[in-house]
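Structure first, then comments.
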Amino acid sequence: MSAALTWRGWLLDPAPVSRRQARLGRWFRAWLAFQRNGLAMTGLCVVSALVLTALAAPLIADPRAAILQVLTERLQPPSASHWFGVDELGRDIFARIVFGARTTLIIVALVSAIVAPVGLAIGLTAGYFGHWIDAVLMRITDIFLSFPRLVLALAFAAALGPGIENAVIAIALTTWPPYARLARAEALTRRRAEFIEAAELQGASHLRIILSQIMPLCLPSVIIRLTLDMAGIILTAAGLGFLGLAAQPPAPEWGAMVSSGRQVLLGQWWVSTIPGIAIFVTSVGFNLLGDGLRDVADSRSS
Amino acid sequence: MVTVAAPAAVTDGEWVRRVAGPIRRVWRLLFSVVLTFLGLTCVTFFIGRVIPIDPVLAIVGDKASIETYNRVRSEIGLDLPIPVQYWRYLLKVLHGDFGNSVITSQPVLQDLLRVFPATLELSLLALIIGVVFGVPLGVIAATHRGRWQDQVIRFGSLIGYSMPVFWLGLIGLLVFYAKLGWVEGPGRLDVSYDDIVPVVTGLITVDSLFAGEHDVFWNSLGHLVLPASILGYLSLAYVARMTRSFMLGQLKQEYILATLAKGLSPFRVVWVHALGNVWVQLVTVIALTFGNLLEGAVLTETVFAWPGLGLYMKNSLFNADLNAVLGGTMLVGVVYIGLNMLSDLIYPLVDPRARERR
C-alpha cells in the first residue's frame, strides 16, 4: 500500500527531477483522466479482450475445430459442448469466432502499418517543404480523399482477385489521405517554431528534423485518429468479407461467416447472428476507446 | 466632386466582391473537379490494366496462333504506349462509352441507367429519414448535454455507426419479415406486380402513384420501408452525432447569450438562431451521408436483393465482368465528386461569411 502511494507520489510530483519522471508523470495523469471515463474503459476492455483472444487463440479453442467439418453435427444449436453452435458445414462457431479475431486484427494491423507511415511521409513532406511540393502532394491527397471507399476497394479486389492482402491494399489505399492532412497541418504549425530553427542552425538535415523533431509531435493525433478509424476499417473489411472478397474459405472471417449463414437464417439464427455480434462488439469497442482517447487529448490541449 | 467619386469607388469594390470573387471561386472549384475526375479515370484505367485476365486471350482463345494474337492485340490498341492508351480510354469515358457488359451484352452505360433509379429511391428515402430525425435528435442532445436525453441519443448513435449494415439487414429481415410479417420481403415488388406500371422516373413509388396503381404503390412501399429504415438509422446516427457537436460549438457563442438577454424565448434561440448557423456545416455532412449511402448500397442491396447499382456491381464482380464493375465505380465516383462540388457551391449561399472571404 505504501509502495503504491510513493509510486503515485513520484509520478504526480509537480517538480519532476528527471526527464523520465516528467514523461511518465504526464502519461500517468493522462491515464488517470482516461480511467475516470467509464465508456472509454469499457472500450479498452473490449479491445484488450480482442487482442488477447487473437494472441492466445490456440489456447482458447482447438485450431482444428475451426476448420474441421463434422457433417453429422451440422447446424446444432448452442450447447455446452458447442457454446455458439455449429455452422452449416459442421464447424464449431466458437472456435471460428476466436480464430476470426486473428483475421480481423491482422487486417487492422496491416492497414495501420501501411496508412500511418504513408500518410505521415506525404503530409510531413508537404507541410515541411511547402511551396509547389505542398501544392502537388495535397492535390493528390484531395483526389484520393474524394473517392468512394468501399466501391474503390471493390474494384481493386475485383482486379487483384479476392484475398486478405488485396483487401488490405484496397482499404489502405482509401484510408491514408486524412492522415496526410493531419500530419501536414501539424508540420505547418511547427515549421516556424524556434526549436526547429535551433536544430537547423546546428546543421541537422531536413530528414533528421522531420523524423526527430516534427514526427514525434504528430504521433499522438495520428494514433487517436487511427483508433477512431479502426471501427470503420473493421466494418469495411467485414463488408468485403461478406461479399466474399476478403479471406477465402475455409479461413475463418467474421464477415464471410455472416454471409454463409444467410441460407439457414430462418431455421438456424445463430450461424449468422453470432459473427455479426462479434463484428459489432469489436467496432463499438474501438469507437469507445477512440472517443475516450480523443477526450483525454482535447482536455490536455485546452 | 468628391462626394460623387466616393460612391463610385464603393461600387467598384462592391463589383469585385459580388462578381469577381465568385467567378474566381467557381473557376477554382471547376479546376479541382476536373483534376479529381482525371484522377478517378487514372485509377479505373490502372485497375483495368492490372487485372490478371489477358483481354486478348479472352477474345482469341488460347488456341490462336501468335499472328492472330498480335493482330487482335494491336486492334484493341494494347501495343500503344500507355499515355496514348489512357488518352483513348479517357475519350471513350467522356463519350459515355464504358464498353459492353459481358453478362447482359448491352452497353454498360445503358445498364447503369436502368439500375440506378432503384438505388436512388432507396438512398433518398434513407437520407430523408436520417435528416428528419437526425438533426432534431442532435439538437436535443446538445441542449440537454450530459443529461439522460443526451446519453440515450449518443448511445443510440454509437450503436448506429458501429453496426455492420449487412448484418442489421439480415436481422431485420429475420424479425420483421419472417417472424412478424410486418413488411414485404427482399426485392422491390412482389412478382405478381411486376411490369404493371410503366417506367417513367424509375422510382416505383413515384411511378405507381402517377399511374394511379395504388396496390403497386403500397406493395413497393412495403418492400422499401425496411431497407430504407435500416439505412436511415445508420445515416441518422452520423447526422445526429455531427449536429450535436456543431450545436455545442454554436451554443458556446456569445450571440446566444445576447439573444437570450434580448428576451427571445430559449426555444427560438436554439431552433432558429443556433440551428440556422449549424445548417451551414450540415450541408457538407448531408452530402457526405448521401455518398456513403450510395457506396453502402453494394452491401444493403446484396442483403435485400434490391435490383440497383450495388447488386449490379456485385454480380458483375463475380462474373469477371470488369467493364461493368469499372463503369459502376466511375458512376459512384462521379456522383461523389458532384456531391462534393454541390456542397462547395451551396456553402456560400447559406453562409454569408463564406462569401466575404477571398
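Protein chains in written order, with this note's numbering: chain W, 1 to 302; chain R, 1 to 358. C-beta: ideal position from N, C-alpha, C; glycine also.
- For leucine 170 (chain R), the nearest CB of chain W lies under 9 angstroms from its own CB, placing it at the interface with that chain.
- Using a CB distance below 7 angstroms, the part of the stretch 339 to 350 of chain R facing chain W consists of Asn340, ordered along the chain.
- Counting C-beta pairs with one atom in each stretch, the stretch 158 to 170 of chain R and the stretch 269 to 276 of chain W have three or more that are closer than 8 angstroms, which means they touch.
- Interface annotation, threonine 284 (chain R): not in contact with chain W, CB-CB separation never under 9 angstroms.
- Per DSSP, the unbroken alpha helix (DSSP H) holding isoleucine 66 (chain R) starts and ends at 66 to 75.
- For valine 278 (chain R), the enclosing alpha helix (DSSP H) covers residues 275 to 304.
- Within chain R, the residues whose beta carbon sits less than 9 angstroms from that of proline 148 (chain W) are Gly291, Asn292, Leu294, Glu295, Thr329, Val332, Gly333, Val335, Tyr336, listed in sequence order.
- Taking leucine 40 (chain R) as the centre and dropping the five residues before and after it, the same chain places the C-beta of Gly333 closer than 6 angstroms to its C-beta, in chain order.
- Chain R places a beta carbon closer than 9 angstroms to that of glycine 244 (chain W), counting this residue as a contact.
- Taking a contact as a CB-CB distance under 8 angstroms, the pair valine 108 (chain R) and glycine 327 (chain R) counts as one, their CB atoms being some 4 angstroms apart.
- Going by DSSP, alanine 172 (chain W) is part of the alpha helix (DSSP H) stretching over 164 to 175.
- In this structure, DSSP gives asparagine 323 (chain R) a helical state, which the three-state scheme calls helix.
- Short of 6 angstroms from the beta carbon of threonine 143 (chain R), and not among the five residues preceding or following it, lie these beta carbons of its own chain, in chain order: Val270.
- Interface with chain W (9 angstroms Cβ-Cβ cutoff): proline 83 (chain R) is excluded.
- Under the three-pair Cβ rule at 8 angstroms, the stretch 96 to 116 of chain W counts as touching the stretch 231 to 243 of chain W.
- By the Cβ test, the stretch 21 to 31 of chain R is not in contact with the stretch 116 to 132 of chain W, since fewer than three Cβ pairs between them sit closer than 8 angstroms.
- For the stretch 301 to 321 of chain R, residues whose beta-carbon sits nearer than 7 angstroms to a beta-carbon of chain W comprise Thr302, Met313, Lys314, Leu317.
- Between the C-alpha atoms of leucine 152 (chain W) and leucine 145 (chain W) there is a straight-line separation of about 12 angstroms.
- Close to chain W, meaning a Cβ-Cβ distance shorter than 8 angstroms, are the following residues of the stretch 174 to 190 of chain R: Leu174, Ala178.
- With a beta-carbon spacing of about 5 angstroms, isoleucine 103 (chain R) and aspartate 321 (chain R) fall inside the 8 angstroms limit used to define contacts.
- Histidine 223 (chain R) and histidine 214 (chain R) have their alpha carbons spaced roughly 14 angstroms apart.
- When Cβ-Cβ separations below 9 angstroms define contact, threonine 44 (chain R) makes contact with chain W.
- Taken in chain order, the stretch 84 to 111 of chain R contains no complete beta strand (DSSP E) segment of 3 residues or longer.
- In this structure, leucine 309 (chain R) and serine 235 (chain R) do not form a Cβ contact; the two beta carbons are roughly 18 angstroms apart against a cut-off of 8 angstroms.
- Within the stretch 108 to 188 of chain W, complete alpha helix (DSSP H) segments of at least 4 residues are found at 131 to 145, 149 to 160, 164 to 175, given in chain order.
- For valine 86 (chain W), the secondary structure class from DSSP, reduced to helix, strand or coil, is strand.
- Annotation: leucine 78 (chain R) to tyrosine 69 (chain R) spans about 11 angstroms, alpha carbon to alpha carbon.
- Annotated as proximal: leucine 317 (chain R) and alanine 157 (chain W), with beta-carbon spacing under 9 angstroms.
- When secondary structure is reduced to three states using DSSP, aspartate 150 (chain R) falls in the helix class.
- When secondary structure is reduced to three states using DSSP, aspartate 92 (chain W) falls in the strand class.
- A residue is called buried when at least 16 other Cβ atoms come within 10 angstroms of its Cβ; asparagine 319 (chain R) does not meet this threshold and is exposed.
- What isoleucine 279 (chain W) touches in chain R, judged by beta-carbon distance under 8 angstroms, is Pro164, Trp167, going in chain order.
- Distance from the Cα of threonine 174 (chain W) is smallest, within the candidate group W:His206, W:Asp229, W:Leu188, W:Arg262, for W:Asp229.
- Spatial neighbours of tyrosine 336 (chain R) in its own chain (CB-CB distance under 6 angstroms, excluding positions within 5 residues in sequence) are listed in chain order as Gly291.
- Within the same chain, and ignoring the five residues on either side of leucine 120 (chain W) in sequence, the residues whose Cβ sits closer than 7 angstroms to its Cβ are Tyr179, Ala183, Met215, Cys218, Val222.
- The distance from the Cβ of threonine 103 (chain W) to that of glutamate 253 (chain W) is about 5 angstroms, consistent with a contact at the 8 angstroms cut-off.
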